[in-house]
Structures are given as structure tokens and as C-alpha cells.
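When we follow this note's numbering, the leftmost residue of the sequence shown carries the number 378, and every step to the right adds one. Glycine is no exception: its CB is placed at the ideal position from the N, C-alpha and C atoms. Notes follow the structure.
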Amino acid sequence: MADFGILGFGAYLPQKRISRKSIFDAIGWINASLKPFAKGARAYANWDEDPITMGVAAAQACLAHAPQEVEAQTLCFASTTAPFLDRQNAGIIAAALDLPKQTHCYDFSGSQRAALSALIVASQNPKTRLLLTAAEQTPIRAASTMEILCGDAAAALLIGEGKPLAKLHGTKTIYADFVDHYRTANAKTDYVLEERWYRDEGLVKFAPQAILPLLEEAGIEAAQIAHFIAPVANPALARHIAAAVNIKPTALADSLFDTCGYAGAAHALLMLVQVLEKAKAGDWILATAFGQGCEAILLQATDAITDIAKHKTEKQGAITHTLQDQLAQGIIENNYTKFLAASGRLDIDWGMRAERDNRTAQSVAYAKSRALYGFIGGICSACQTPQFPKSHYCVNPECGALDTQTDYSFARRLARVKSFTEDWLAFTRDPPLIYGNLSFEGGGNIFMEMTGCETGEIAIGDLVAMQFRIKDIDTVRDFKRYFWKAVPVRIGKVEKETGKERTKSKGGGHG
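Written out as C-alpha cells, the structure is:
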């Protein structure tokens, strides 16, 4: 009988990080008590990123590292900050991944433990292979404690029967309507209560109720736990949880506070990905999540964990990076107002060029769904020329064949910059607008936007990868339109501050 557990994993961190010292320098006069947290940096989504785009990126990384024969039958998206309340967010992610139409998609929400809740539900139906992706972009008020503690991020797991990297040995759940924070449908941000109340009456009392019976049923001593995942906004609280269940402090997994921040419902999976990247065969892993109760999951790394070579691979031409790579490659932003603008918390006059109607033609969007979301073009069966968009006639002037094109995915393919423009006149929420002509490996030329790069960074010949991003925002109807953009492929460690020299794109010609 096949074992049930984690078959693949991946994560995504936005490249942008805001220095916490910069936050404190801007708002410390309002809330001086934040000074102890004014260290390191927190990740934040740029204007063209949100939980959906981050969830797609994490799922791509997860699928790229999974065995070739493994396919998801179900997709679950866990988030408390998904952009749509009555439009299936998981369905958008499935479309971007170009999953089969028969894939069962659903959203999980309502609690910071939503992601682990979905994993536990999946364990009750082990025959179904689940792609679980979680992402969070917590809405925050300026000068609040959560502004400095939180971070935007996503993580994904492929779960099912087979030869798991980590085998699931048991789960426990307890529920309690314990209110430490909340956000209503009408509220824009969370209302957060006293931290000591959360610690003393919540965390240290709920954790033992779930963890101790789980360990007892598995016949495992607390001292045997090699990695303990306790996702909380203030990492100091994790030590209190570990002490309450007699787990040694050295087993506490990195909270990722210094380079990411607390990613809400996604944080348990994010920490789990970080643990799996370094776990050894036989290691016991205890993952928890808190939010009106506690989820606890016991895993053990298998021999298969050694076969993934630090979880770094290339698949179908797309380069994916480990979470550790992404933590090291962040670009630190010291401009607090730019940080506010990225999340729309700063009301900016973008000028007359921004005054246009961005209404989406829903009928056209549906008809072109695979092209827009899945980035599916065509390849001519007569001359083998890839092209986007897919059309009746081949674009190759030496061919021009009629109705010879079959589906061809550009989403996972790398490209080289053939030409580019940094446009300071066109409207974008992160000027300048950068776009150009890209030549894809394997063939195909596409004119498209570039993102994730600063002024003067892009050069002819640079290597770029495709990322699912927000294309446009209809502020009148509160609707987002998505498409793919090109991002630089960086290797090594990126310099810490904007405006300074960065690591070269792989194969690029800039310094």
C-alpha cells in the first residue's frame, strides 16, 4: 500500500522587501513601542501581485519539483485575503496552471489555520491527489504592529499517495471561538487584541490539547521532534508554545521574521517548505497552525527527501528557486511611501494618462481564457514554429499554413530580451513601464511587459522567466485583469538596497 504524505513543495516570496527600520523611521513618532521590531525586512507584494498571483507562483514551483508522473486531481487555495468573495479564486489559479477542466477547485478561508485545515481534510481522502496552495497579503493600517510584523508570501504542497518526501503519521484538531483578532466583510483591516491575552489564554493552552494527544497516539516523545513549526506573528511567542509541550528550543523552525514576516494562513506551509528543504531522512516534523483553535500535523521525512538535491531543479525550461534562494535575493526598499503605494494605501494622482476606463469584456476574456490565463499559444505542425496568440494561419512567412497549430505553452519557458523600452510617459503604478520584444527558447517572439526590475537593470540578451501578474485594475468596478509578464532570472544574492548594483541575470549582459 502506498504511503500518504507530501509529494512536492514550493514557495514564492515577492522580491520587494521593506526595511523595518524605514517603517519605524516614518511612523515611530506615532508608536514608539515598535522600536524592538525595527530590524530586518518584511516581504511585500508589488502593485501587480496579490494572493492569486503569488499562489500561482508557489504552485508552479511545487509542480516543477514533483515527480514527472504526478498530477493533481484537486486544487485548493487557502487564504483569508483572496481578492474575490464571490468568484472562485482557486479557479483562476487552476486556469493559470492550465490544469484539466475536470480538476476539482475550491477555496479555504475563515481562519489563520485554513491551509493546515485543508491538508487535514485531504488526509481523510488519501486517494485524491491535492495541490494545496496558500497565499496571504494581509491588509494593514499604517503605524500598526501588524504593519511591521506581517509579510506577503505563498507556499504550496502536492499531497497524496505514492512515495512521499514526508509521510503523514497523524493529525489533531481542536476548535475554540477564541478571538485574538478579527476582520469582518466590511472592515478593511484586522482588529487586533492584547498579545498577552492571546499568549496566556490562547496559544499555551490550545497547543498542548492538540499536540500532546497526537504525540501520544504516534508513540513519539517531544524530545524526538527535530523540527517544530509554530507560525505566529511575533516569533517570541513560539518559545512559549514549545515550552508548553516540552519541545526543545533548538527544534523551533525559523520563523522567517528577519527576511519575510508573518504570512498569515500561508505561514505554516511557508515554514514547512523551509524545513523540508533542509530536513534529513528520518526527521520528525511537527507542524501547527493557530486561529480559533489549533491544528497539529505529524510528519516524518523519508529517504526520498535526499533525492531532490536541495529542492532545486529545472523543468520544461522554467527555473524555480528554493525558498532559501528567494530569501537571499530580496531587494530592500527604504522608501516608505513607495511601500504604501504598492498596496494602494496611498491615494496618488497618477495624472491624466491614468484616467481611462479599464472595463473588462467578460465574454472575450472567457473565450480567450487559455491564452490569457494559461499563456497557451500554438505551434505549427507543418514548420514547428511556436507563436502567440494561436491563430488560423502560421506566422512564419515561409509557411503560412492554415489550421495546422496545436497547443503550445509559453508559461514555463525562458526567453531572451531582444529589445526593450523604459517608458516614463505611459501609466503604471510602478514607473517606468518596461516592455519589449522577447525571443523564447525553443522559438516564438512575443511583445510583452516586464516587471520586477528597476531602471537601468534590463539589457539586451538578458534571460527572463514568465510570471502570472495583475495586468490592470479596474478601480471603478473593483475588478482585476490578469496576464503574464517577464521577470529577470537572477542567480546568487541580490544587493540589499534599491539603487545599488544587483546580481546579474543568468546569461545577461548588464552589470
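Check: Ignoring anything shorter than 4 residues or poking outside the segment 728 to 815, list the alpha helix (DSSP H) runs there in chain order.; Outcome: 739 to 744, 746 to 749
Check: Take the Cβ of residue 387 as the centre, count every other Cβ of all protein chains shown within 10 Å, and call the residue buried at 16 or more, exposed below.; Outcome: buried
Check: With burial defined as no fewer than 16 other Cβ atoms inside 10 Å of the residue's Cβ, what is the status of residue 622: buried or exposed?; Outcome: buried
Check: Thinking just about the alpha-carbon of each residue, which of 586, 545, 609, 559 is nearest to the one in residue 576?; Outcome: 609
Check: Compute the Euclidean distance between the alpha carbons of residue 807 and residue 598, then round it to the nearest angstrom.; Outcome: 52 Å
Check: Pull up the distance between the alpha-carbon of residue 420 and that of residue 777, whole angstroms please.; Outcome: 48 Å
Check: In whole angstroms, give me the CA-to-CA distance for residue 692 and residue 442.; Outcome: At residue 692, the pLDDT of 47 sits below 50, so the modelled position is not reliable; the number obtained from the coordinates is stated separately. Cα-Cα distance, rounded: 8 Å.
Check: With DSSP as the reference, label residue 575 as helix, strand or coil.; Outcome: helix
Check: Below 8 Å, how does it come out for the segment 472 to 484 and the segment 655 to 665: are there three or more Cβ pairs, yes or no?; Outcome: no
Check: Look at residue 640 and residue 529 and say whether their C-beta atoms are less than 8 Å apart.; Outcome: yes
Check: With DSSP as the reference, please indicate the residues paired to residue 450 in a beta bridge.; Outcome: Answer by DSSP bridge pairing: none, since residue 450 is not bridged.
Check: Using 8 Å for Cβ pairs, my map puts residue 618 next to residue 580. What's the rounded Cβ distance?; Outcome: 5 Å
Check: Tell me whether residue 474 sits in a helix, a strand or coil according to DSSP, three-state version.; Outcome: coil
Check: Between the alpha carbons of residue 391 and residue 747, how many angstroms are there, rounded?; Outcome: 25 Å
Check: Can you tell me whether residue 593 is buried or exposed, with buried defined as 16 or more other CB within 10 angstroms of its CB?; Outcome: exposed
Check: What number of angstroms, rounded off, separates the C-alpha of residue 733 from the C-alpha of residue 727?; Outcome: 11 Å
Check: Taking only three categories from DSSP, how would you classify residue 466?; Outcome: helix
Check: Using a Cβ distance threshold of 8 Å, determine whether the segment 444 to 458 contacts the segment 490 to 510, with at least three qualifying pairs required.; Outcome: yes
Check: When the Cβ atoms of the segment 600 to 608 are set against those of the segment 663 to 682, are three or more pairs found closer than 8 Å?; Outcome: yes
Check: So for residue 831, helix, strand or coil by DSSP?; Outcome: coil
Check: Answer with buried or exposed for residue 549, where buried requires no fewer than 16 other C-beta atoms within 10 angstroms of its C-beta.; Outcome: buried
Check: To the nearest angstrom, report how far apart residue 614 and residue 402 are at their CA atoms.; Outcome: 25 Å
Check: By Cβ distance, which residues of its chain are closer than 6 Å to residue 834, with the 5 residues on each side in sequence left out?; Outcome: none
Check: Using the rule of at least 16 other Cβ atoms within 10 Å of the residue's Cβ for burial, across every protein chain shown, is residue 764 buried or exposed?; Outcome: buried
Check: Quick one: Cα of residue 689 to Cα of residue 382, how far?; Outcome: Confidence at residue 689 is low in this model, with a pLDDT of 48, below 50, so its placement is unreliable and no value can be given for it.
Check: Give me the DSSP bridge partner(s) of residue 861.; Outcome: 845
Check: In or out: residue 596 buried (at least 16 other Cβ within 10 Å) or exposed?; Outcome: exposed
Check: Using only CA atoms, which one of 718, 385, 819 lies nearest to residue 538?; Outcome: 385
Check: Distance, Cα to Cα, residue 587 vs residue 629?; Outcome: 17 Å
Check: Check the DSSP bridge columns for residue 538 and list the partner residues they point to.; Outcome: 381
Check: I believe residue 866 touches residue 791 by the beta-carbon criterion, under 8 Å. Please report the beta-carbon distance rounded to the nearest angstrom.; Outcome: 7 Å
Check: So residue 750 and residue 429 are in contact, right, with Cβ under 8 Å, and what is the actual spacing, rounded?; Outcome: No, residue 750 and residue 429 are not in contact; Cβ-Cβ is about 10 Å, not under 8 Å.
Check: In whole angstroms, give me the CA-to-CA distance for residue 625 and residue 657.; Outcome: 18 Å
Check: Under 8 Å between the Cβ atoms of residue 542 and residue 682?; Outcome: yes
Check: How far does the alpha helix (DSSP H) with residue 430 in it reach, from first residue to last?; Outcome: 428 to 442
Check: Here's the rule I'm using: 16 or more other beta-carbon atoms within 10 Å means buried, otherwise exposed. How should residue 552 be labelled?; Outcome: exposed
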